[in-house]
Amino acid sequence: MNPSADINIEYVARLARLALTAAEQQKLSQQLGDILHYVDKLKQVDVTGIEPMAHGSPVFNVWGADVIMAGFSVDQALQNAPEQRDDSIVVPKIVE
Amino acid sequence: MSASVIFKSVAELSALLAAKSISACELMQAFAARTTAVEGRVHAFNSRDEAGALSLAAASDARRAAGQTRGPLDGIPIGFKDVIAVEGQPLTASSKMLANFISPYDATVTTKLKMAGAIPWGRLNLDEFAMGSSTENSAFGATANPWDLTRVPGGSSGGSAAAVAAGEMPVALGSDTGGSIRQPAAFCGLVGLKPTYGLVSRYGLAAFASSLDQIGTLTRTVGDAAQMLKIIAGHDARDSTSLSTVMPDYSAALPKKSRPWRIGVPKEFFGPGLDAEIGAAVQQALAFYRSAGAEITEVSLPLTAEYAIAVYYLIATAEASSNLARYDGIRYGHRARTTTDAISIYAQSRAEGFGEEVKRRIILGTHVLSSGYYDAYYLRAQKVRALIRGEFMSVFQNCDVLLSPTTPTAAFKIGEKSADPLAMYLNDIYTIGVNLAGLPGISLPCGFTTGGLPIGLQIIGQPFGEAEMLTIAHTYEQGHAWHTKYPNL
């Protein structure tokens with residue numbers, strides 16, 4: 064498989080919920096092709112038996128104390144909402 | 007008044023305040039006046055609240071008059087990279103997406119600095135969502151390098167670096183995901199500290215790549231970096247990746263020297279691509295340490311040199327694509343008005359709100375996480391990351407710190423690399439491994455090019471080895487005067 068050859072920008076943009084113009088798609092396709100070609104060099108590394116590293120420090124689980132902490136007030140929570148009414152965020156209708 | 011204080015270190019200003027040679031109000035006025043005078047040329051700020059800062063300065067003076075001062079930072083203005091939350095102030099991440107966002111709470115570092123009496127002074131420009139190395143990717147315009155206004159200040163904490171270098175404040179917070187504090191510090195002639203992953207809470211930092219991001223400082227001196235770290239570091243229950251660790255008194259440790267230091271020099275960081283003047287400046291720093299009794303050893307980091315950038319751009323973009331999914335135009339941030347159905351609102355809000363580099367990274371990150379590519383890209387990158395960390399840890403068995411240039415070149419021209427993302431990425435070659443391995447790193451001034459541009463020396467420490475790293479950096483600084491130079495602006 065040569066992954067760099069087949070990045071499907073339209074499909075990926077749909078997964079990312081990101082509307083792209085035709086010009087953006089074309090430009091990204093070329094630039095990402097170059098970048099993917101560059102990162103393909105990782106195939107040269109022997110990673111047999113290596114545990115993937117998800118973090119900058121070797122910590123694997125952290126439990127939080129089960130205590131009640133103050134949350135946002137309604138005003139704080141709505142302070143940055145694009146649209147609001149009756150202490151609620153107005154959202155587009157999703158069920159007809 | 008103003009010329010005499012604007013280029014002083016925090017320690018010097020703190021002493022002036024303690025001696026009542028200057029009041030916090032006079033100090034704040036001096037920095038505000040300097041900012042007004044140079045901001046049109048530098049553009050380090052996204053926003054600032056002069057009246058609010060002056061009223062906090064008055065409160066600091068009142069505390070001091072009442073004998074209730076809160077310590078060395080009381081009355082000191084501090085800038086915030088515009089991704090770190092200060093309650094009631096804007097947080098834009100230099101993105102149209104958050105152009106009107108007001109922080110509803112303080113970041114943990116903000117709370118700690120406020121408790122210490124520091125005055126939040128301004129929101130500082132960056133590459134949008136910290137994605138970039140030049141501060142050209144800001145939705146609100148590029149920041150200029152105070153040493154040469156035709157050049158970039160570095161990035162992504164370019165506003166933070168430029169503001170301190172230009173004398174608009176004595177210290178600023180930044181964040182470092184792949185070099186975003188150290189590289190702008192090098193380009194602007196400052197000290198840039200990136201602490202060990204987990205030492206400083208990320209609560210209230212707008213996330214870019216969560217396994218790599220770390221908050222740190224841009225200061226004039228190593229002493230100021232140590233002082234700031236003492237205040238901002240420590241475990242925070244609100245950030246489960248922050249670690250409980252014994253924190254030494256970093257400032258008190260600076261003059262100490264436990265034994266002859268063992269300094270490792272990664273040979274791959276002196277290879278092709280390194281500017282000759284920078285290489286020479288770093289060699290002189292090595293000669294200084296050798297004459298100070300340090301044992302200098304050549305070491306090798308072959309995997310880091312060859313693969314760190316590739317690993318970084320897979321992991322950082324994957325994490326970014328996930329973190330930035332929250333910006334959907336529903337609860338906060340920009341919402342598209344051109345469409346009404348739910349899915350189109352997500353896609354259109356994001357199309358309108360994000361800039362080109364952010365879109366590029368979201369697409370790349372989504373691709374490398376998508377079905378059929380996850381193993382080949384993301385999982386493989388995580389495995390090579392483990393090998394890179396192992397390579398550093400193995401070298402550290404025989405070395406206390408590593409020493410290298412911070413950047414392969416000095417500050418480049420505005421526009422020089424912005425058309426070629428890969429060329430821009432390659433600029434981070436010496437800094438990026440530190441983030442992948444979760445290590446602390448510091449950049450400090452070690453000279454100037456013949457063109458008058460600052461050069462940065464990078465010292466890489468062991469995990470939670472900040473005290474020793476800072477002491478080694480401080481020793482160099484004490485023997486040189488680079489940190490006392492400032493741009494003619």
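Chain order of the listed sequences is G and L.
Residue 112 in this note's numbering sits at position 49 of the first sequence; the count goes up by one each step and never skips.
Residue 202 in this note's numbering sits at position 196 of the second sequence; the count goes up by one each step and never skips.
A virtual CB, placed ideally from N, CA and C, is assigned to each residue, including glycine.
Practice item. Go ahead and pull the three-state DSSP assignment for Q354 of chain L. Key: Looking up residue 354 of chain L in the second sequence gives position 348. Note: Q354 of chain L maps to helix in three-state DSSP.
**Study point:** Limits of the alpha helix (DSSP H) - the one that C452 of chain L falls within
**Key:** Reading the second sequence from its first residue, position 446 is the one you call residue 452 of chain L. Here C452 of chain L belongs to no alpha helix (DSSP H); instead the beta strand (DSSP E) covers 447-454.
Check your understanding: Nearest-angstrom Cα distance between S499 of chain L and L330 of chain L?
Key -> Chain L is shown only over 7 to 495; residue 499 of chain L falls outside these bounds and no answer can be derived.
Check your understanding: Taking the runs of the alpha helix (DSSP H) that are 4 residues or longer, which of them lie wholly in the segment 173-244 of chain L?
Key -> Whole alpha helix (DSSP H) segments, 4+ residues: 188-194, 228-238.
Review point. In the structure shown, what three-state DSSP assignment does L81 of chain G receive?
Key: On the first sequence, residue 81 of chain G is found 18 positions in, with the first residue counted as 1. It is coil, neither helix nor strand.
Check your understanding: Which class does S27 of chain L belong to by DSSP, given the choice of helix, strand or coil?
Key -> For the purposes of this step, residue 27 of chain L is taken as residue 21 along the second sequence, with counting starting at 1. In the structure shown, S27 of chain L sits in coil (DSSP, three-state: anything other than H, G, I, E or B).
Practice item. Select from G:V137, G:E159, G:V158 the residue whose C-alpha is nearest the C-alpha of D149 of chain G. Key: Here residue 149 of chain G corresponds to residue number 86 of the first sequence, with the count starting at 1. If you compare the alpha carbons of G:V137, G:E159, G:V158 with that of D149 of chain G, the shortest gap goes to G:V137.
Check your understanding: Is there a Cβ from chain G that is less than 9 Å from the Cβ of R386 of chain L?
Key -> Here residue 386 of chain L refers to the residue found at position 380 of the second sequence. Judged by the 9 Å Cβ criterion, R386 of chain L is in contact with chain G.
Practice item. Residues of the segment 101-120 of chain G with a CB closer than 7 Å to any CB of chain L: list them in chain order, please. Key: Of all residues in the segment 101-120 of chain G, Y101, V102, K104, L105, V108, V110, I113, E114, P115, M116, A117, H118, G119, S120 have a Cβ within less than 7 Å of some Cβ in chain L.
Practice item. Compare the C-alpha of L211 of chain L against each of L:A326, L:S181, L:A316 and name the closest. Key: Against the second sequence, residue 211 of chain L aligns to sequence position 205. For L211 of chain L, the nearest C-alpha among the options comes from L:S181.
Point to revise | Same chain, Cβ closer than 6 Å to S162 of chain L, neighbours up to 5 away in sequence not counted | key: In the second sequence, counting from the first residue as 1, residue 162 of chain L sits at position 156. The answer, listed in chain order, is L132, D133, A136, G138, S186.
Review point. According to DSSP, which residues form a beta bridge with S410 of chain L?
Key: Numbered from its first residue, the second sequence carries residue 410 of chain L at position 404. In DSSP, S410 of chain L forms a bridge with L:Q464.
Exercise for review: Quick one: give me the first and last residue of the beta strand (DSSP E) that L130 of chain L is part of.
Suggested key: Here residue 130 of chain L refers to the residue found at position 124 of the second sequence. Element bounds for L130 of chain L: 125-130.
Practice item. Check G85 of chain L in the structure and name its three-state DSSP category. Key: Against the second sequence, residue 85 of chain L aligns to sequence position 79. DSSP places G85 of chain L in the strand class (E or B) of the three-state scheme.
Point to revise | Close beta carbons around G2 of chain L, own chain, < 7 Å, minus the five adjacent residues each side | key: Chain L is shown only over 7 to 495; residue 2 of chain L falls outside these bounds and no answer can be derived.
Practice item. At 9 Å on the CB atoms, spell out the chain L contacts of F135 of chain G, in chain order. Key: For the purposes of this step, residue 135 of chain G is identified with residue 72 of the first sequence, where counting begins at 1. From the beta-carbon of F135 of chain G, the residues of chain L found nearer than 9 Å are P110, Y111.
Point to revise | Delimiting residues of the alpha helix (DSSP H) encompassing V288 of chain L | key: As a first step, residue 288 of chain L must be located in the second sequence, where it is residue number 282. Residues 282-297.
Check your understanding: In the segment 20-83 of chain L, which residue ranges form an unbroken alpha helix (DSSP H) of at least 4 residues, counting only runs that do not cross its ends?
Key -> With a minimum length of 4 residues, the continuous alpha helix (DSSP H) runs that stay inside the segment 20-83 of chain L are 30-48, 56-71.
Point to revise | Contacts around T251 of chain L, its chain only, beta-carbon distance under 6 Å, and the 5 residues preceding and following it disregarded | key: Locating residue 251 of chain L in the second sequence gives position 245, counting from the first residue. The beta carbon of T251 of chain L sits closer than 6 Å to those of F470, all from its chain and outside the five residues before and after it, given in chain order.
Review point. Nearest chain L C-beta to Q188 of chain G closer than 9 Å, yes or no?
Key: Nothing can be reported for residue 188 of chain G, as the shown portion of chain G is limited to 64 through 159.
Point to revise | Closer than 8 Å at the beta carbon, the chain L residues around G127 of chain G | key: The count along the first sequence starts at 1 and reaches residue 127 of chain G at position 64. Listed along chain L are A243, S246, each with a C-beta nearer than 8 Å to that of G127 of chain G.
Exercise for review: Whole angstroms is fine: what's the gap from E301 of chain L's alpha carbon to I369 of chain L's?
Suggested key: For the purposes of this step, residue 301 of chain L is taken as the residue at position 295 of the second sequence. For the purposes of this step, residue 369 of chain L is taken as the residue at position 363 of the second sequence. So the alpha carbons of these two residues sit roughly 47 Å apart.
Exercise for review: For P66 of chain G, collect the residues of the same chain with a Cβ closer than 8 Å to its Cβ; drop the 5 residues on either side in sequence, then sort them by chain order.
Suggested key: Mapped onto the first sequence, residue 66 of chain G falls at position 3. The pLDDT assigned to P66 of chain G is 44, lower than 50, so where the model puts this residue is not dependable; a value taken from the coordinates is nonetheless given after this. If we look at P66 of chain G and ignore the five residues flanking it on each side, its Cβ neighbours are L99, D103.
Review point. Y319 of chain L touches chain G at which residues, Cβ-Cβ below 9 Å?
Key: In the second sequence, counting from the first residue as 1, residue 319 of chain L sits at position 313. Under the 9 Å cutoff, chain G gives I98, Y101, V102.
Practice item. Tell me, please, whether the segment 375-383 of chain L touches the segment 441-451 of chain L by the rule of three or more beta-carbon pairs shorter than 8 Å. Key: Because the criterion of three Cβ pairs below 8 Å is not met, the segment 375-383 of chain L and the segment 441-451 of chain L do not touch.
Practice item. Return the chain-ordered list of same chain residues with a C-beta closer than 7 Å to the C-beta of E483 of chain L, the five sequence neighbours on each side being excluded. Key: Within the second sequence, numbered from 1, the residue matching residue 483 of chain L stands at position 477. The beta carbon of E483 of chain L lies closer than 7 Å to those of T227, V228, L450, H489 in the same chain, with the five residues before and after it left out.
Check your understanding: Which term fits D255 of chain L, buried or exposed, when burial requires 16 or more other beta carbons within 10 angstroms of its beta carbon?
Key -> Along the second sequence, read from residue 1 onward, the residue named residue 255 of chain L stands at position 249. With fewer than 16 Cβ atoms within 10 Å of its Cβ, D255 of chain L is classed as exposed.
Review point. Is the closest heavy atom of the ligand MN to the C-beta of N52 of chain L under 8 Å?
Key: The ligand content of the structure shown is nil, which means the ligand MN is not present either.
Review point. Can you give the Cα-Cα distance for N494 of chain L and T156 of chain L, rounded to whole angstroms?
Key: In the second sequence, the residue the question calls residue 494 of chain L occupies position 488. In the second sequence, the residue the question calls residue 156 of chain L occupies position 150. Cα to Cα, the separation comes out at about 14 Å.
Exercise for review: State the beta-bridge partners of E301 of chain L as determined by DSSP.
Suggested key: Indexing the second sequence from 1 puts residue 301 of chain L at position 295. Bridge partners of E301 of chain L: L:R268.
Point to revise | Same chain, Cβ closer than 6 Å to A387 of chain L, five either side skipped, listed in chain order | key: As a first step, residue 387 of chain L must be located in the second sequence, where it is residue number 381. Spatial neighbours of A387 of chain L in its own chain (CB-CB distance under 6 Å, excluding positions within 5 residues in sequence) are listed in chain order as V317, L320, I321.
Review point. What are the boundary residues of the alpha helix (DSSP H) that includes G439 of chain L?
Key: In the second sequence, residue 439 of chain L corresponds to position 433, counting from 1. Note, G439 of chain L: alpha helix (DSSP H), 438-443.
**Study point:** Min CB distance Q89 of chain G to chain L below 9 Å
**Key:** On the first sequence, residue 89 of chain G is found 26 positions in, with the first residue counted as 1. Cβ-Cβ to chain L under 9 Å: no for Q89 of chain G.
Practice item. With a cut-off of 8 Å on the beta carbons, I'd call T481 of chain L and A298 of chain L a contact; round off their distance for me. Key: As a position in the second sequence, residue 481 of chain L is number 475, starting the count at 1. As a position in the second sequence, residue 298 of chain L is number 292, starting the count at 1. Contact between T481 of chain L and A298 of chain L holds: their C-beta atoms lie close to 6 Å from each other, under 8 Å.
Exercise for review: Could you tell me whether the Cβ of K156 of chain G comes closer than 9 Å to any Cβ of chain L?
Suggested key: Your numbering for residue 156 of chain G matches position 93 in the first sequence. Proximity of K156 of chain G to chain L, defined by a Cβ-Cβ separation below 9 Å, is satisfied.
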